[in-house]
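Student: Shown below is the structure under consideration.
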Amino acid sequence: MSVRELVVLGTASQVPTRHRNHNGYLLRWDGEGILFDPGEGTQRQMLRAGVAAHDINRICVTHFHGDHSLGLAGVIQRINLDRVPHEVSAHYPASGQHFFDRLRYATAYRESVRLTQTPVAADGVLAESPSYALEAHRLSHPVESYGYRIVEPDGRRMLPGKLAAHGIKGPDVGRLQREGSLGGVTLDDVSEARRGQRFAFVMDTRLCEGVYALAEGCDMLVIESTFLDEDEQLAVEHGHLTAGQAARVARDAGVRHLVLTHFSQRYSDADDFERQARAAGFEGELSVAQDLWRIAVPKRI
């Protein structure tokens, strides 16, 4: 059975707290695992969350500030120590190649796993598989930063009642799907369009075109809300979003489940983020993320 869920490994911004580790998020998407922004302490958080190195197929780094990347060294070495049997791909801003190299080879270890480096230099599709396409869009931050988006291909949902009405069953169903028509019955007569699911990961950024492009039509949007609305000027100066800004993006983009994260240590009450997101008019599912939470990608409507 396929599983699509977000495993939250850390939710702090620049400074971790007693209750919030630096960033780290694993998206389970069917049989693959995509690790986003492994900050310091990610390897230990993986242990606490029941995530193994074998679960990681891709690593996506938005930018090379420490709270989003210092865990790379430990994660990469653990992948090799555990002799993960599959290739692992790494995506990160091309301008940070020297940072990636330093982290990958921070200390001595034996390389046993093929790690494919695929730097990101422009918006567009980075990789495709049967179950998704991975896209990147440039964000607005003091250092080069990219957000990531998972898009499942659109498909068709067969309608049992209409199949029965036309007398189509057994192997003929597969034949109709392959050929598009059978005995004068078309695929449109017995099925309906099934929109592919969409997931977006947006970290450190001001409001910009890339934020909206990533969020558009997403079933789940994981987005930073470092500041509360009263500190919007600080957010602009440092290249971040507020809870209200993130919620308005989600509202306008038609997001079904909004996950707020990457919180400044200056705030002690997480409920304030939810209140401001609701005040901004977002009415869908809302999670103010906590470390070690598992959040299911919404089921198709």
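Okay, so the sequence shown: first residue is 7 according to this note's numbering, each after it adds one. For glycine and all other residues, C-beta sits at the position ideal for the given N, C-alpha and C. Since we're looking at a predicted model, the values are computed, not measured.
Residue range of the alpha helix (DSSP H) that R34 falls in?
Tutor: Segment G30 to W35 is the beta strand (DSSP E) holding R34; no alpha helix (DSSP H) there.
Student: Express the C-alpha separation of G45 and Y218 in angstroms, rounding to a whole number.
Tutor: 25 Å
Student: DSSP state of G186, grouped into three classes?
Tutor: coil
Student: To the nearest angstrom, how far is it from the Cα of F269 to the Cα of A59?
Tutor: In this structure, the alpha-carbon of F269 lies about 26 Å from that of A59.
Student: Could you pull out every unbroken alpha helix (DSSP H) segment of at least 4 residues lying fully inside the region 86 to 167, listed in chain order?
Tutor: 103 to 110
Student: Count the other CB atoms within 10 Å of the CB of R34; is the residue buried (16 or more) or exposed (fewer)?
Tutor: buried
Student: Do V57 and L15 come within 9 Å of each other at the CB atom, strictly closer than that value?
Tutor: Contact flag set, yes.
Student: Please work out which residues of its chain come closer than 6 Å, Cβ to Cβ, to G47, disregarding the five sequence neighbours upstream and downstream, and give them in chain order.
Tutor: N27 and H28
Student: Three-state secondary structure (DSSP) at F327?
Tutor: As displayed, the chain neither begins before 7 nor continues past 307, which places residue 327 out of reach and without an answer.
Student: Measuring straight from C-alpha to C-alpha, what distance separates R257 and A286?
Tutor: 8 Å
Student: Using the rule of at least 16 other Cβ atoms within 10 Å of the residue's Cβ for burial, across every protein chain shown, is Y154 buried or exposed?
Tutor: Buried is the call here.
Student: S293 lies in the beta strand (DSSP E); which residues open and close that run?
Tutor: E291 to V294
Student: In its own chain, which residues sit with a C-beta less than 7 Å from the C-beta of F233, not counting the 5 before and 5 after it?
Tutor: L240, A241, H246, T248 and S270
Student: How would you write the range of the alpha helix (DSSP H) that V9 sits in, first residue to last?
Tutor: No alpha helix (DSSP H) holds V9; DSSP gives it neither H nor E.
Student: So which of G202, L78 and R64 has the shortest CA-CA distance to Q49?
Tutor: L78
Student: Between the Cα of V208 and the Cα atoms of D225, A252 and R272, which residue gives the shortest distance?
Tutor: Of the candidates D225, A252 and R272, the one whose C-alpha sits nearest the C-alpha of V208 is A252.
Student: Pull up the DSSP beta-bridge partners for F377, would you.
Tutor: The question about residue 377 has no answer, for the chain in this structure spans 7 to 307.
Student: What span of residues does the beta strand (DSSP E) with R300 cover, start to end?
Tutor: R300 to A302
Student: First and last residue of the alpha helix (DSSP H) that includes A199?
Tutor: Here A199 belongs to no alpha helix (DSSP H); instead the beta strand (DSSP E) covers S197 to R200.
Student: If distances are taken between C-alpha atoms only, which option among E215, Y138 and E236 comes closest to R272?
Tutor: E236
Student: From the DSSP secondary-structure annotation, give me the bridge partner or partners of G16.
Tutor: G30
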